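Colleague: For the sequence shown, full-length UniProt numbering puts the final residue at 219, and the numbers step up evenly by one.
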Amino acid sequence: MDISENIKKYKSELPENVKLVAISKTKPNEDLMEAYNASQRILGENKIQEMTDKWESLPKDIEWHMVGHVQRNKVKYMAPYVSLIHAVDSLKLLKEINKRAKQNERTIDCLLQIKIAEEDSKFGIDAAEAEEILNSEAYSKMKHVNITGLMGMATFTDDKEQVRSEFKYLKSVFDKFREQHPQLKELSMGMSGDYQIAVECGSTMVRIGSSIFGERNYN
Ligand SMILES: *Cc1c(COP(=O)(O)O)cnc(C)c1O
Numbered sequence: 001m002d003i004s005e006n007i008k009k010y011k012s013e014l015p016e017n018v019k020l021v022a023i024s025k026t027k028p029n030e031d032l033m034e035a036y037n038a039s040q041r042i043l044g045e046n047k048i049q050e051m052t053d054k055w056e057s058l059p060k061d062i063e064w065h066m067v068g069h070v071q072r073n074k075v076k077y078m079a080p081y082v083s084l085i086h087a088v089d090s091l092k093l094l095k096e097i098n099k100r101a102k103q104n105e106r107t108i109d110c111l112l113q114i115k116i117a118e119e120d121s122k123f124g125i126d127a128a129e130a131e132e133i134l135n136s137e138a139y140s141k142m143k144h145v146n147i148t149g150l151m152g153m154a155t156f157t158d159d160k161e162q163v164r165s166e167f168k169y170l171k172s173v174f175d176k177f178r179e180q181h182p183q184l185k186e187l188s189m190g191m192s193g194d195y196q197i198a199v200e201c202g203s204t205m206v207r208i209g210s211s212i213f214g215e216r217n218y219n
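1. Check each candidate in G124, D109, C110 and name the one with the smallest Cα separation from residue 221.
2. Restricting to runs no shorter than 3 residues, where is the beta strand (DSSP E) found entirely within the segment 123-202?
3. Spell out the partners DSSP gives M66 in its beta bridges.
4. Would you say residue 225 touches ligand 1, meaning its beta carbon is less than 7 Å from a heavy atom?
5. To the nearest angstrom, how far is the alpha carbon of N146 from that of E16?
6. Does at least one heavy atom of ligand 1 sit under 7 Å from the Cβ of S210?
7. Taking the alpha carbon of V206 as the reference point, which residue from E161, M151, K141 has its own alpha carbon closest?
8. Buried or exposed for Q183, going by 16 or more other Cβ atoms inside 10 Å?
9. Under 7 Å from any heavy atom of ligand 1, does the C-beta of M51 make it?
10. Any idea what DSSP makes of Q103, helix, strand or coil?
11. For ligand 1, I want to know if G149 counts as a neighbour, meaning its beta carbon is within less than 7 Å of at least one of the ligand's heavy atoms.
12. Can you check which of these residues, I42, N98, K102, is closest to D61 by C-alpha distance?
13. Hey, would you say N37 sits closer than 8 Å to S4, going by beta carbons?
14. Using the DSSP secondary-structure output, state which residues sit across from A22 in a beta bridge.
15. Any C-beta of chain B sitting closer than 8 Å to the C-beta of Y77?
16. Are there three or more Cβ pairs, one per stretch, closer than 8 Å when the segment 6-13 is compared with the segment 45-56?
17. Ligand 1 and S57: does any heavy atom of the ligand fall closer than 7 Å to the residue's C-beta?
18. Helix or strand or just coil, what does DSSP make of I7?
19. Would A154 and F167 be called neighbours here (beta carbons separated by less than 8 Å)?
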């Protein structure tokens, strides 16, 4: 894999309003530095411990995005530095993020993860639950978290029309929410296999891992 070439390719290919989150999970620091040296500043990880280790040893102007499912008891480890948490799926989790952000005298941006895929295995909440969180009194009192948008993962399938209809649905939820909550500005959708469809459907943030860094080795 030529990581630097891949970063350049995506940066030139993606529309200007679409941010590239390079998903570096399981990859060694040298690979992350290769992306960094190709001017990539947003990196995404799905494990808090791994992200924290990388944050400690890499340049401090990297923006770290947590894209995986978050366990409440681990929020404290990333609260000092995380810049965006993509997969918030409960008010309880939001409360914990608010508490830990406050302890660090920060405000942390979050996205609500909406379940759009058919598969049961995917995390996320439905649009009604997300709306409840956005409109809740509890959230209105939290001074250290900002919900800045929505995130979704499409079904893992070759059926492009199914993927497209799931992304279109998420975009329609996003547009509807924005009527009441104009502060929502990010729509995180699209991965290596489906980012083109996601961009066509209105994504503002794509999360691309294996087509930048190569296949992951989980051993
Ligand atoms: C791993 C991961 C990605 C990147 O997946 P690729 O198919 O390798 O691009 C994107 N989003 C989330 C939430 C992930 O966990």
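For every residue, glycine included, the Cβ atom is placed at its ideal position computed from N, Cα and C.
Since the structure is predicted, the reported quantities are computational estimates derived from the model, not experimental observations.
Modeller: Let me spell this out:
1. With the chain represented from 1 up to 219, any question about residue 221 goes unanswered, as that position is not in the structure.
2. 145-151, 186-188
3. Taking the first residue of the sequence shown as 1, we reach residue 66 at position 66. E45, I85, per the DSSP bridge assignment.
4. Residue 225 lies beyond the residue range present for the chain, which begins at 1 and ends at 219; the question has no answer from this structure.
5. On the sequence shown, residue 146 is found 146 positions in, with the first residue counted as 1. On the sequence shown, residue 16 is found 16 positions in, with the first residue counted as 1. If I take the Cα positions, the gap works out to 24 Å.
6. Numbered from 1 along the sequence shown, position 210 holds the residue referred to as residue 210. Flag set: Cβ of S210 near ligand 1.
7. Mapped onto the sequence shown, residue 206 falls at position 206. Ranking E161, M151, K141 by Cα distance to V206 puts M151 first.
8. Taking the sequence shown and counting its residues from 1, the one referred to as residue 183 is at position 183. Flag for Q183 reads exposed.
9. If you number the sequence shown from 1, residue 51 lands on position 51. No.
10. The residue given as residue 103 occupies position 103 in the sequence shown. Of the three classes helix, strand and coil, the one that applies to Q103 here is helix, per DSSP.
11. Your numbering for residue 149 matches position 149 in the sequence shown. G149 Cβ: outside cutoff for every heavy atom of ligand 1.
12. For the purposes of this step, residue 61 is taken as residue 61 along the sequence shown, with counting starting at 1. Among I42, N98, K102, the Cα nearest to that of D61 is on I42.
13. Taking the first residue of the sequence shown as position 1, residue 37 is located at position 37. Taking the first residue of the sequence shown as position 1, residue 4 is located at position 4. The answer is yes: Cβ separation under 8 Å.
14. In the sequence shown, the residue the question calls residue 22 occupies position 22. Per DSSP, L43, I208.
15. Here chain B cannot be found, since the structure has a single protein chain.
16. no
17. On the sequence shown, residue 57 is found 57 positions in, with the first residue counted as 1. No.
18. As a working mapping, residue 7 is identified with position 7 in the sequence shown. Three-state DSSP puts I7 in a helix.
19. If you number the sequence shown from 1, residue 154 lands on position 154. If you number the sequence shown from 1, residue 167 lands on position 167. Going by C-beta atoms, A154 is nearer than 8 Å to F167.
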